[in-house]
Each structure stands twice: as C-alpha cells, then as structure tokens.
Amino acid sequence: PEETAQDAVDNDVHIVGMSSLAAGHKTLLPQLVEELEKRGRGDIMIIVGGVIPAQDYEFLLSHGASAIYGPGTVIPAAAKEMLEILSERLRLAEEGEA
C-alpha cells in the first residue's frame, strides 16, 4: 500500500485499481486509504476487482472503495461506470472550491 500510494501521488492519478485474489482486500484497502490520506490525496478513487466474496462488498465500500468489480464484469460497462463516478466526484470538488 505504501508504494502504491506514493506512485499514485507521484503520477497525480485520479484512480487506483486494486486487485484481490487471495483475500487480502480487507487488510490492504484500509492501509491504502490511510497511505493516500497521509500523503494528502484521500481524493484518489480506489477501484477493487478480483475474486471478492459478496459479503465483503459492504466492508470495502465503507472503507474507501468507490466501486467493486468481480469475475465476469463487462469491461466497457465498468469503464463507463468508473468515468461516471470520477466525473461526479470532480464536479462536486469543483463546486466545493467555488
């Protein structure tokens, strides 16, 4: 999480993707959120994908995930959804600065 957060900050990204195949998502996501916040970039969206049990979705969403995509996700639909979420967040941020 530290290296990912630093790379995200260094490259001024809007979205970080996190893949979980080995059940580390409930530990790694909160750590990544914390690392981004430490670097003053809690605004970076985190998208989680992989083999994630449905019962973990609520935990992930309440701990910083903006969206979750599992096996069988239709990539164009997911990309569209991510862009819509990002667009709304950027619009709200602009309004907050006005």
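Numbering (the working numbering), first residue to last: 76 to 173.
Heads up, the beta-carbon is just placed ideally off N, CA and C, and yes, glycines get one too.
A quick note: this is a predicted structure, and the numbers were derived from the prediction, not measured.
> Taking Cβ positions, are serine 94 and methionine 120 nearer each other than 8 angstroms?
Replying inline: By 1-based counting over the sequence shown, the position of residue 94 is 19. By 1-based counting over the sequence shown, the position of residue 120 is 45. No.
> Over what stretch of residues does the alpha helix (DSSP H) that includes alanine 140 continue unbroken?
Replying inline: The residue you call residue 140 lines up with position 65 of the sequence shown. It is not in any alpha helix (DSSP H) - alanine 140 instead sits in the beta strand (DSSP E) that spans 140–144.
> Span of the beta strand (DSSP E) holding valine 88?
Replying inline: Here residue 88 is taken as the residue at index 13 of the sequence shown, counted from 1. Per DSSP, valine 88 belongs to no beta strand (DSSP E) and is neither H nor E.
> Do you know offhand how far leucine 135's Cα is from leucine 104's?
Replying inline: As a first step, residue 135 must be located in the sequence shown, where it is residue number 60. As a first step, residue 104 must be located in the sequence shown, where it is residue number 29. Their backbone Cα atoms lie some 7 angstroms apart in a straight line.
> How many Å lie between histidine 138 and valine 108 at the Cα?
Replying inline: To locate residue 138, count along the sequence shown from 1; it is residue 63. To locate residue 108, count along the sequence shown from 1; it is residue 33. Approximately 8 angstroms between the Cα atoms of the pair.
> Going by Cα to Cα distance, which pick from Pro146, Gln81, Ala153 is closest to arginine 116?
Replying inline: Position 41 of the sequence shown, counted from the first residue, corresponds to residue 116. Minimum Cα distance to arginine 116 is reached at Gln81.
> Apart from the five residues on each side of it in sequence, which residues of its chain come closer than 7 angstroms, Cβ to Cβ, to aspartate 131?
Replying inline: The residue labelled residue 131 in the question sits at position 56 within the sequence shown. His100, Lys101.
> Taking the beta strand (DSSP E) that valine 123 falls in, what are its first and last residues?
Replying inline: Locating residue 123 in the sequence shown gives position 48, counting from the first residue. Element bounds for valine 123: 120–125.
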